[in-house]
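Chains as they are written, first to last, in the numbering used here: chain A, 1361 to 1575; chain B, 1361 to 1575.
Glycine included, each C-beta is placed from N, C-alpha and C at the ideal position.
Working notes, structure below.
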């Protein structure tokens, strides 16, 4: 949901999008199927799916054999067990490599500091610091006057604001996928943190979530 | 040669090493075979080889169909075609993820700013910036008082100084591999930038390079 809205905003702002997905051994592998449908809907110029095995390191309920917590009281200022070590740093590093070969100066990422303030790599200070590093890391940053920018259009939006923005931009949220722990057929559980944030967000907007949940 | 010397220095300093190698579609895949022999010789606690496909993006003579330059006058202040976009950023990001799951606070990387000053991601200002970012990116950096450090013991050494240091620490450089474009059997070419830097380094020390070169 966040990545899709981020993509729609980049297009609205006049950028020509290339899309990058990661197959990182996540439980919610259905999000990759969703991604393929979405990049078609948005006519992105190129879509790459990078295989990386974060299970090699473990340490997260999203990639490990640790259970995904259900119906927990969501504490936005605590780092949850679904945090994947250094995940956004790895994602942004690959985006940086691709941007450099494309001569692109703009990277968009749908991180959100409000709902996920427990994830250190979703905070504005982290993003700013990655951007500084990226401009020192690359040929692009060193040889050109143009500086590379990490855009985070959702960073200060609530889930409800993200949904309203996306609906205004014509997103079909039935194509999106948010659950951390879907059934074998890809049906969302409705009880993990990600489902709860999504459902509460829709509730606030007054729109109905088009996804069919288990139970 | 640089990674091995870096590992030997980390051990000398009292660190208990875990080793990380990358299979990134490089032409010089023989370096992975060397890595396996070396981690045995150094009795590292664990060695992981991460598969990442940097060929997906292209843009470098090391991963692409572009020819590796031979017998060129080495210009240390120019970014060479063997530069792999954002390579060290991707490597360090994976190291960061593993460090976090190990509760480790020290990452060693054998970058060198003198011989390779043409590579933006080998410069001290880049490393410092990555370290800042890493401390904002992770649970480790956010929840603990201990800060993560990126160690670069070779950054200001010449190739000859690296070799002398390694010999003093008992490294068998016949196990190391430096060539960007070895033969099918893994024999170094002797003519790419990396071979030339290595051969000149040995020449300066007065020691003979134990590797057998083509020709």
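- Not a single C-beta of chain B is nearer than 7 angstroms to the C-beta of residue 1515 (chain A).
- For the segment 1366 to 1389 of chain A, the set of positions with a beta-carbon nearer than 9 angstroms to some beta-carbon of chain B is empty.
- Taking the Cα positions, residue 1559 (chain A) is about 12 angstroms away from residue 1537 (chain A).
- When the beta-carbon positions are compared, residue 1467 (chain A) and residue 1510 (chain A) come within less than 7 angstroms of each other.
- Nearest to residue 1394 (chain A) by C-alpha distance, out of A:1575, A:1542, A:1567, A:1369, is A:1542.
- Annotated three-state conformation of residue 1365 (chain B) is helix, per DSSP.
- Straight through space, the alpha carbons of residue 1474 (chain B) and residue 1366 (chain A) are spaced by roughly 41 angstroms.
- Collapsing the DSSP output to three states places residue 1399 (chain A) in a helix.
- Residue 1494 (chain B): member of the alpha helix (DSSP H) spanning 1484 to 1497, first to last residue.
- Neighbours of residue 1472 (chain B) across chain A, judged by C-beta separation under 8 angstroms, do not exist; the nearest C-beta is about 16 angstroms away.
- Between residue 1460 (chain B) and chain A, the shortest Cβ-Cβ separation is below 7 angstroms.
- For residue 1403 (chain A), the number of other beta carbons within 10 angstroms of its own is below 16, and it is reported as exposed.
- In this structure, the beta-carbon distance from residue 1432 (chain A) to residue 1460 (chain A) does not fall below 7 angstroms.
- Membership of residue 1379 (chain A) in the beta strand (DSSP E) is indicated by the continuous run 1379 to 1383.
- Residue 1529 (chain A) is positioned such that its CB atom lies no closer than 7 angstroms to that of residue 1379 (chain A).
- Taking all protein chains shown into account, residue 1516 (chain B) has fewer than 16 neighbouring C-beta atoms within 10 Å of its C-beta and is therefore exposed.
- In the three-state DSSP reduction, residue 1454 (chain B) falls in the helix class (H, G or I).
- Neighbours of residue 1493 (chain A) across chain B, judged by C-beta separation under 8 angstroms: 1449, 1486, 1489, 1490, 1492, 1493.
- Shown in chain order are the members of the segment 1397 to 1414 of chain B whose Cβ falls below 8 angstroms from a Cβ of chain A: 1408, 1410, 1411, 1412, 1413, 1414.
- Under a 10 Å Cβ-count criterion, residue 1406 (chain A) is classified as exposed, with fewer than 16 other Cβ atoms of the shown protein chains found around its own Cβ.
- Membership of residue 1519 (chain B) in the alpha helix (DSSP H) is indicated by the continuous run 1519 to 1528.
- Here the C-alpha atom of residue 1396 (chain A) lies approximately 30 angstroms from the C-alpha atom of residue 1495 (chain A).
- Interface annotation, residue 1429 (chain B): not in contact with chain A, CB-CB separation never under 7 angstroms.
- Around residue 1412 (chain A), the same chain offers 1382, 1384, 1450 as residues with beta carbons nearer than 7 angstroms, after the five sequence neighbours per side are excluded.
- If you ignore the 5 residues before and after residue 1508 (chain B), its C-beta comes within less than 8 angstroms of the C-beta of 1456, 1459, 1465, 1466, 1467, 1491, 1494, 1495, 1498, 1500, 1501, all in its own chain and listed in chain order.
- Membership of residue 1509 (chain B) in any alpha helix (DSSP H) is not indicated; the residue belongs instead to the beta strand (DSSP E) covering 1509 to 1511.
- In the structure shown, residue 1413 (chain B) adopts coil according to DSSP, grouped into three states.
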